[in-house]
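Here the sequence shown stands for residues 1 to 551, numbered as in full-length UniProt numbering.
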Amino acid sequence: MPIIPDVAAFFAVNGRQFIPKRNHVFQKRRLWASPEWINTGFISDFHRFHDRRINMVAELLARLGVANSAHTQGDYPVYTPIDGSQIASVTLEGKAQVVARIDSAHSAFLKWRTVPAPRRGELVRIFGEVLREHKADLGELVSVEAGKITQEGLGEVQEMIDICDFAVGLSRQLYGLTIASERPGHHMRETWHPLGVVGVISAFNFPVAVWAWNTTLALVCGNPVIWKPSEKTPLTALACQALFDKALKIFGDAPAALAQLVIGDRDAGEALVDDPRVPLISATGSTRMGREVGPRVAARFGRSILELGGNNAMILAPSADLDLAVRGILFSAVGTAGQRCTTLRRLIVHRSIKDEVVSRVKAAYAKVRVGDPREGNLIGPLIDQQAFSAMQNALTKARDEGGQVFGGERQLQDQYPNGYYVTPAIAEMPGQSEVVRHETFAPILYVLAYDDFEEALRLNNEVPQGLSSCIFTTDLREAEAFQSAAGSDCGIANVNIGTSGAEIGGAFGGEKETGGGRESGSDSWRAYMRRQTNTVNYSRELPLAQGIVFD
Numbered sequence: 001m002p003i004i005p006d007v008a009a010f011f012a013v014n015g016r017q018f019i020p021k022r023n024h025v026f027q028k029r030r031l032w033a034s035p036e037w038i039n040t041g042f043i044s045d046f047h048r049f050h051d052r053r054i055n056m057v058a059e060l061l062a063r064l065g066v067a068n069s070a071h072t073q074g075d076y077p078v079y080t081p082i083d084g085s086q087i088a089s090v091t092l093e094g095k096a097q098v099v100a101r102i103d104s105a106h107s108a109f110l111k112w113r114t115v116p117a118p119r120r121g122e123l124v125r126i127f128g129e130v131l132r133e134h135k136a137d138l139g140e141l142v143s144v145e146a147g148k149i150t151q152e153g154l155g156e157v158q159e160m161i162d163i164c165d166f167a168v169g170l171s172r173q174l175y176g177l178t179i180a181s182e183r184p185g186h187h188m189r190e191t192w193h194p195l196g197v198v199g200v201i202s203a204f205n206f207p208v209a210v211w212a213w214n215t216t217l218a219l220v221c222g223n224p225v226i227w228k229p230s231e232k233t234p235l236t237a238l239a240c241q242a243l244f245d246k247a248l249k250i251f252g253d254a255p256a257a258l259a260q261l262v263i264g265d266r267d268a269g270e271a272l273v274d275d276p277r278v279p280l281i282s283a284t285g286s287t288r289m290g291r292e293v294g295p296r297v298a299a300r301f302g303r304s305i306l307e308l309g310g311n312n313a314m315i316l317a318p319s320a321d322l323d324l325a326v327r328g329i330l331f332s333a334v335g336t337a338g339q340r341c342t343t344l345r346r347l348i349v350h351r352s353i354k355d356e357v358v359s360r361v362k363a364a365y366a367k368v369r370v371g372d373p374r375e376g377n378l379i380g381p382l383i384d385q386q387a388f389s390a391m392q393n394a395l396t397k398a399r400d401e402g403g404q405v406f407g408g409e410r411q412l413q414d415q416y417p418n419g420y421y422v423t424p425a426i427a428e429m430p431g432q433s434e435v436v437r438h439e440t441f442a443p444i445l446y447v448l449a450y451d452d453f454e455e456a457l458r459l460n461n462e463v464p465q466g467l468s469s470c471i472f473t474t475d476l477r478e479a480e481a482f483q484s485a486a487g488s489d490c491g492i493a494n495v496n497i498g499t500s501g502a503e504i505g506g507a508f509g510g511e512k513e514t515g516g517g518r519e520s521g522s523d524s525w526r527a528y529m530r531r532q533t534n535t536v537n538y539s540r541e542l543p544l545a546q547g548i549v550f551d
């Protein structure tokens, strides 16, 4: 669509590329007003400016190894949330292409499963080195396509690198068990074997890291991967595939179809989910999506790792360090424009400090810079108009349910008529109403008051989702109770740290409507393998278990 993107985001000065930073504001204004800038034609010729944006993305993809035809010759448009302009076009694939990918992946599995695990880890090590080499470009592409601020785009790629390092070590630690047998002259053990083709379905908000969590572990466990990314972020997927292909070429002797990509819509996803030759589906997205994927995979007795919604809460106790807590609230609630599955959505604060805390959070919100995610701002755009509408509908409902709403307005619409920037919202609620119990993927923080710890814990747990949670307190008893069997019912329970920003070393996932799946660290690798119990009789007798005599 021929609109004016952010003129400060990417343009040329005297024939050179100029990428402005925060301290270039005055310079940008002068350039915008100067006759020299007008003479370039970027004001009068919207199409030339739009072409410039496309060329910038094309150059970025070229440096990442993506063929020009992959993002220019399709009929499905790709837009950047920064200004809503089209930056590429890709071809959507359907059921026939998915079936072909599964055929080749299964052939690759028959070869890859026999490769020693440490050798499989070498491929992942090489991939990590390739990612290090291209971190800046891939991080920038994440920012352009998903709207993440620069630091978060780079951080997501760093997470990919970290999980590569983790998986390399894991390739020498796929431990089984030695089990004592009750029968003389017998040996028992438990071993783990490659499972088969792994299907990965990912969401727009973490367009590359979630794929890496699954793919690196699946590869060292002996499995090929087929990835269906979000239709909103296909370019980052193309880049990841190109970088992996580069690692594969350096590695030298691996099957070509170890990691494959399918850019498609619902039909492609259904074909992947329904095929019995894909024993494991790892799906990240909404609870609604999980309600469809889970039963379909179970109907064919397949396995699923579901990473779904998260309605995450912080309990803020009267003993808490409020300076620390407000910093934790800020990143957890507004990072990625509130579009993380671990975003802080509910602040459960002791009544005695509620007014002070709300005042501090409002003051912190007022200082947060909203704008182009590549220009040093802290909050970038929502992914699209649908996300903006969902946010406004939730705020309207919060008011209808007795809430007092601060913020939440659209920003920069004159500069970005097709980009959806908002101020983060705070909604002081009289109780945990229907809208509070529902996850809205936007920067809305619902504030609830509590009088005693038991009430706070009940509020934390009384939502359908169970991903992340935290408590800020200096009371050891509260901290330990929060993490106990009778405490938070979430998959993640933190003390004096926010709900967002999990490290790869721990298993990531949640309970209830979050889906119950675990990815990334700890022993999550077991989901990608099949368990086998072995009994060896090295004697000349044949005793039966449980002392049974069968003569």
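Beta carbons are placed, not taken as given, at the ideal position from N, Cα and C, and that holds for glycine.
Source: prediction; values computed, not measured.
- For histidine 193, the enclosing beta strand (DSSP E) stretches over residues 186 to 194.
- Contact annotation: leucine 395 and alanine 366 have beta-carbon atoms that are not nearer than 8 Å.
- Alanine 333 and serine 500 have their C-alpha atoms spaced approximately 8 Å apart.
- Of the candidates Gly517, Leu476, Glu480, the residue whose Cα lies closest to the Cα of glycine 491 is Gly517.
- Excluding sequence positions up to five before and after tyrosine 528, its CB lies within less than 7 Å of the CB of Leu195, Val198, Leu217, Ala218, Cys221, Asn223, Leu280, all in the same chain and listed in chain order.
- Put simply, the region 308 to 319 touches the region 468 to 483. At least three CB pairs are less than 8 Å apart.
- Cβ-Cβ separation between histidine 186 and asparagine 537: approximately 5 Å, consistent with a contact (criterion under 8 Å).
- For the 8 Å CB-CB criterion, alanine 146 and threonine 215 do not form a contact.
- Counting only runs that start and end inside the region 289 to 375, the alpha helix (DSSP H) elements of at least 4 residues fall at 322 to 334, 354 to 366.
- The beta carbons of phenylalanine 406 and phenylalanine 244 sit no closer together than 8 Å.
- Here aspartate 414 is exposed, its C-beta having fewer than 16 other C-beta atoms within 10 Å.
- A straight line joining the alpha-carbon of glutamate 434 with that of isoleucine 149 spans about 31 Å.
- The shortest C-alpha to C-alpha distance from arginine 172 to any of Arg125, Gly153, Gln158, Thr514 is the one to Arg125.
- CA-CA distance, proline 381 to proline 207, rounds to 15 Å.
- DSSP, read as helix, strand or coil, puts cysteine 470 in strand.
- Distance between arginine 53 and alanine 62, taken at the CA atoms: about 14 Å.
- Sixteen is the threshold: since fewer than 16 other Cβ atoms of the shown chains lie within 10 Å of the Cβ of arginine 300, the residue is exposed.
- When DSSP states are grouped into helix, strand and coil, alanine 442 belongs to the coil group.
- In the structure shown, arginine 113 falls within a coil segment according to DSSP collapsed to helix, strand and coil.
- C-alpha of histidine 134 to C-alpha of aspartate 372: approximately 22 Å in a straight line.
- In the three-state reduction of the DSSP assignment, glycine 510 falls in the coil class, being assigned neither a helical nor a strand state.
- The DSSP-derived three-state label of arginine 277 is coil.
- Contact between aspartate 275 and threonine 474 does not hold, since the beta-carbon distance rounds to 53 Å and is not under 8 Å.
- Distance from the Cα of threonine 423 is smallest, within the candidate group Val361, Arg437, Met429, for Val361.
- Residue environment analysis places lysine 512 among the buried positions, since at least 16 neighbouring C-beta atoms fall within 10 angstroms of its C-beta.
- Cβ-Cβ distances below 6 Å link glycine 487 to Ala481 in the same chain, with the five nearest sequence neighbours on each side left out; the list follows chain order.
- Secondary structure of serine 107 (DSSP, three-state): helix.
- DSSP links phenylalanine 406 through a beta bridge to Ile426.
- Taking 8 Å as the cut-off, the beta carbon of tyrosine 76 is found no closer than this to the beta carbon of serine 85.
- Judged by DSSP secondary structure, asparagine 393 falls within the alpha helix (DSSP H) whose first and last residues are 385 to 400.
- Between threonine 514 and leucine 467, the CB-CB gap stays under 8 Å.
- Collapsing the DSSP output to three states places leucine 141 in a helix.
- Between glutamate 292 and isoleucine 305, the alpha-carbon positions lie close to 13 Å from each other.
- The residue from Thr343, Ala259, Ala242, Leu174 with its alpha-carbon nearest to that of aspartate 523 is Leu174.
- Contact check for asparagine 393 against arginine 345 fails: the beta carbons are separated by 8 Å or more.
- Taking a contact as a CB-CB distance under 8 Å, the pair isoleucine 353 and leucine 448 does not count as one, their CB atoms being some 13 Å apart.
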